[in-house]
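Report on the following structure.
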Amino acid sequence: MAGRGGVEKIQNGKLVWDGKVPLECQSDPSILRLNPERQWEIAHEPLHLGIDISHTPGIGPGIPFAHQFKEKAGQKAGIVGLVPCARGRESDAAMNDTAQRYKDNLKTFITDIRNDIKPRSLPVIIVKISLYDFFMKHDTHNLPAVRAAEDAVQKELPDIITIDSRELPVNFTTFEGFSWDHGHFNTETEIVLGKWLADTYLAHYGHLL
């Protein structure tokens, strides 16, 4: 998730990030990111700047995750390295054919990464989708198939945990917790998600530290 928190303003028809960086998203010398030149640098918001090049990145869950992880894990956390790699694209849930292929594609993606880093292990936490990009108008959308696929992958592959973004503090009627477009989470929700991801990792895989 690249994150669109704070991408609220429209200038000359373009979206811009408002530049507001909450405390949970501040830079820290012990939180790094792998930049587009594949060099480690101190992480800063927007974390996906230069990565999600076709969109306007904003606040995401990455840096809040790192802060929560360090706070809860203490000295065992060491240096946290974030590897931003999300790029916004057409939503798989917007069309039935891509929704039906989602499970196999996700399993292949996870398996390929794990094969690349053998013999090291790679626990994966999947954030279940709550809605799809409704700007993608299509008659055969199938959000339930994608959500079901995410559950299935957890059962069919080892060391997979899922958390459901529908349990975040959002309201699908009033769109509280969403950005202006009602399709992406706002900054506050992204921060909650980042902390939730850190807590989930530590609860299930903290023994690996």
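Using our numbering, the letters of the sequence shown correspond one by one to residues 31 to 239.
Glycine included, each C-beta is placed from N, C-alpha and C at the ideal position.
- Query: Where does T217 sit, in a helix, a strand or coil, going by DSSP?
  - Reply: For the purposes of this step, residue 217 is identified with residue 187 of the sequence shown, where counting begins at 1. It is helical.
- Query: From which residue to which residue does the alpha helix (DSSP H) around T192 run?
  - Reply: In the sequence shown, counting from the first residue as 1, residue 192 sits at position 162. From DSSP, T192 is part of no alpha helix (DSSP H) but of the beta strand (DSSP E) over 190–194.
- Task: Give a yes or no on contact between the segment 125–145 and the segment 77–95, applying the rule of three or more CB pairs nearer than 8 Å.
- Result: In this structure the segment 125–145 does not touch the segment 77–95; the number of beta carbon pairs closer than 8 Å is below three.
- Task: Starting from the N-terminal side, write out each stretch of the beta strand (DSSP E) that is 3 residues or longer and does not extend beyond the segment 137–188.
- Result: As for any beta strand (DSSP E) of minimum length 3 sitting wholly inside the segment 137–188, the runs are 154–158, ordered along the chain.
- Query: Out of curiosity, what's the CA-to-CA distance linking W70 and A96?
  - Reply: Taking the sequence shown and counting its residues from 1, one reaches residue 70 at position 40. Taking the sequence shown and counting its residues from 1, one reaches residue 96 at position 66. Looking at the two C-alpha atoms, the distance is approximately 15 Å.
- Rounded distance between the beta-carbons of G118 and A228, thought under 8 Å: Taking the first residue of the sequence shown as position 1, residue 228 is located at position 198. Taking the first residue of the sequence shown as position 1, residue 118 is located at position 88. Actually they are not in contact, since the Cβ atoms of A228 and G118 sit about 24 Å apart, beyond 8 Å.
- Minimum length 4: unbroken alpha helix (DSSP H) runs contained in the segment 47–103: Complete alpha helix (DSSP H) runs here, min 4: 92–103.
- Query: Measuring CB to CB, does A116 end up less than 9 Å from D82?
  - Reply: In the sequence shown, counting from the first residue as 1, residue 116 sits at position 86. In the sequence shown, counting from the first residue as 1, residue 82 sits at position 52. Yes, they are a contact pair.
- Query: Just reading off the beta strand (DSSP E) that G118 is part of, what are its end residues?
  - Reply: Here residue 118 corresponds to residue number 88 of the sequence shown, with the count starting at 1. G118 -> no beta strand (DSSP E), and no H or E assigned at all.
- For E197, name the three-state secondary structure that DSSP assigns. Within the sequence shown, numbered from 1, the residue matching residue 197 stands at position 167. Of the three classes helix, strand and coil, the one that applies to E197 here is helix, per DSSP.
- Query: Do you know whose CA, among N135, G111, N216, R150, lies nearest I241's CA?
  - Reply: Not covered by the structure: residue 241. The range shown for the chain is 31 to 239.
- Selection from E54, S209, A107 that minimises the alpha carbon distance to H237: Along the sequence shown, one-based indexing puts residue 237 at 207. Put simply, of E54, S209, A107 the residue whose alpha carbon is nearest the alpha carbon of H237 is A107.
- Task: Leaving out five residues on either side along the sequence, give the residues of the same chain with a beta carbon under 6 Å from the beta carbon of H85.
- Result: Here residue 85 is taken as the residue at index 55 of the sequence shown, counted from 1. Short of 6 Å from the beta carbon of H85, and not among the five residues preceding or following it, lie these beta carbons of its own chain, in chain order: G118.
- Task: May I ask you to list the residues that DSSP assigns as paired with I40?
- Result: Reading the sequence shown from its first residue, position 10 is the one you call residue 40. Per DSSP, L45.
- State yes or no: is the C-beta of P94 within less than 9 Å of the C-beta of L223? Indexing the sequence shown from 1 puts residue 94 at position 64. Indexing the sequence shown from 1 puts residue 223 at position 193. A contact, by the Cβ cut-off of 9 Å.
- Message: Quick check on DSSP: helix, strand or coil for G35?
- Response: The residue labelled residue 35 in the question sits at position 5 within the sequence shown. Secondary structure of G35 (DSSP, three-state): strand.
- Use the C-beta contact count for R177: other C-beta atoms within 10 angstroms, 16 or more gives buried, fewer gives exposed. As a working mapping, residue 177 is identified with position 147 in the sequence shown. Here R177 is buried. Its C-beta has 16 or more other C-beta atoms within 10 Å.
- To the nearest angstrom, report how far apart K50 and G80 are at their CA atoms. In the sequence shown, counting from the first residue as 1, residue 50 sits at position 20. In the sequence shown, counting from the first residue as 1, residue 80 sits at position 50. Near 18 Å, if we compare the C-alpha coordinates of G80 and K50.
- Task: Compare the C-alpha of N201 against each of S57, H214, I193, R34 and name the closest.
- Result: On the sequence shown, position 171 is the one that residue 201 refers to. Per the C-alpha coordinates, the member of S57, H214, I193, R34 positioned closest to N201 is H214.
- Message: DSSP three-state label for G236, please.
- Response: Here residue 236 refers to the residue found at position 206 of the sequence shown. DSSP, reduced to helix, strand and coil, places G236 within a helical segment of the structure shown.
- Query: Is N126 closer than 9 Å to H171 when the C-beta atoms are compared?
  - Reply: Translated into the one-based positions of the sequence shown, residue 171 becomes position 141. Translated into the one-based positions of the sequence shown, residue 126 becomes position 96. The beta carbons of H171 and N126 sit closer together than 9 Å.
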